[in-house]
Amino acid sequence: MENKLIFIFLDGIGLGKNESFNPFTLANMPTMFNLIGEKLTNTTNIVKQDFLIKGIDACLEVEGIPQSATGQTSLFTGCNAQAFLGYHLMAYPNDQLISMINKRSIFKYANENGIKNVFANSYTDGFFKSFDIASTNYSVTTRCVLAAKNSLNTLNDLKEGKAVHWDITNFTLQDESDNKIPLITPFKAGENLRNLTKKYDLVVYECFMPDMIGHSKDMNKALIFLEMLDDFFKGVIHNKQENIHVLITSDHGNIEDLSFGGHSTNQVPLIFMGKEAQHFVKVRAIDEIFDIVFSKLFNVVPVPKFEKI
Ligand SMILES: [Zn+2]
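Heads up, the numbering used here is the position in the sequence shown plus 141, with the first residue counted as 1.
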């Protein structure tokens, strides 16, 4: 596969106003600033040959506040899950969304088209011990891995640098009494993520910390996170080969507006780095990314309308 993609999904990041309640206007993010020349806000719109940033819609013409289960299902199946349910569903996918994911989702579709893929996140020993396929407490990405019959990364994979933990630096693992995982720098975590492209064509990574921080309305934590994210991003793109593309997006806004501590209806960023950036100019909403990734980046046959499969 000539083109490779690192798909970084950040839960709860929208494009907000240039106001003091928006941590993007205060955070020190030199890597991002060097790329875009300004703070990332709702007026940022950059289209270059090999770099794109634009705001895209996460509400998908369904009334109400966008939520994680439906937003993530739309992102990772390429079908408007909000419209399918008729409402925005919080947190984890219900049976209807799981049936959508089982039909078509990012890893399954990649497998069916010969695209070597991995969900980069690691799962704790506790997760495997209590694993129950019937549980309704698994995220969309976990459901996508299960639907594809791919394996989930363990803490041993993380230790060997073959996975990246959801918290980027492994800091949430440090208090465990039998912890065997060292703390790493965000830059190193970014390099580890990028190195997965040596073996895989499609690497997906999820971090839900911005959503948690958004709900807490904690500006200090938000600034620490954004500065860590910038270093992580620096590691991802450091010495990146030309055939490796990076896509960053979200399921709904939250952290960009700490004035109220909930999800926002703001547009979410679509950031694309790589020579295929022009294909993403026409993406207007989160459910349109799937099709462009597969049909333009990986050149598989046109992705069928979800209703037809
Ligand atoms: Zn949330």
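Think of the CB as a built atom: it goes at the ideal place given N, C-alpha and C, for glycine as much as any other residue.
Next on the checklist: Assuming contact is defined by CB atoms lying nearer than 8 Å, are Phe435 and Asn291 in contact in what I supplied?
Outcome noted: no
Next on the checklist: For Gly302 and Phe148, what's the separation of their Cα atoms in angstroms?
Outcome noted: 18 Å
Checklist entry - At what residues does the beta strand (DSSP E) containing Cys348 begin and finish? => result Leu343 to Cys348
Checklist entry - Closer than 7 Å: is that where the CB of Asn395 sits relative to any heavy atom of ligand 1? => result yes
Checklist entry - In or out: Phe439 buried (at least 16 other Cβ within 10 Å) or exposed? => result buried
Checklist entry - What residue ranges within the region 400 to 428 form continuous beta strand (DSSP E) runs of no fewer than 3 residues, ordered along the chain? => result 409 to 414
Checklist entry - Which first and last residues belong to the alpha helix (DSSP H) in which Gly196 is found? => result Careful: Gly196 lies outside any alpha helix (DSSP H), inside the beta strand (DSSP E) at Phe192 to Ile197.
Checklist entry - Across which residues does DSSP place Lys145 in a beta bridge pair? => result Ile385
Checklist entry - Does the region 396 to 410 come within contact of the region 157 to 170, defined as at least 3 CB pairs closer than 8 Å? => result yes
Next on the checklist: Assess contact between the region 193 to 205 and the region 406 to 420, defined as three or more Cβ pairs (one per stretch) separated by less than 8 Å. Is contact present?
Outcome noted: yes
Checklist entry - On the premise that Gln213 lies in contact with Asp392, defined as a C-beta separation below 8 Å, what is that separation, rounded to the nearest angstrom? => result 5 Å
Checklist entry - Candidates Lys362, Glu332 and Ala275: which alpha carbon is nearest Met353's? => result Lys362
Checklist entry - Quick one: does the C-beta of Gly155 sit closer than 7 Å to a heavy atom of ligand 1? => result no
Next on the checklist: Give me the residue from Ile389, Ile427, His229 and Ile242 with the minimum Cα distance to Ile194.
Outcome noted: Ile389
Checklist entry - Gly178 to Glu347, Cα distance in whole Å? => result 26 Å
Checklist entry - Could you check where the beta strand (DSSP E) with Asn258 kicks off and where it finishes? => result Asn258 to Phe260
Next on the checklist: What residue range does the alpha helix (DSSP H) around Lys249 cover?
Outcome noted: Ile247 to Glu253
Checklist entry - Taking the Cβ atom as the reference point for each residue, do Asn235 and Glu417 lie within a distance shorter than 8 Å? => result no
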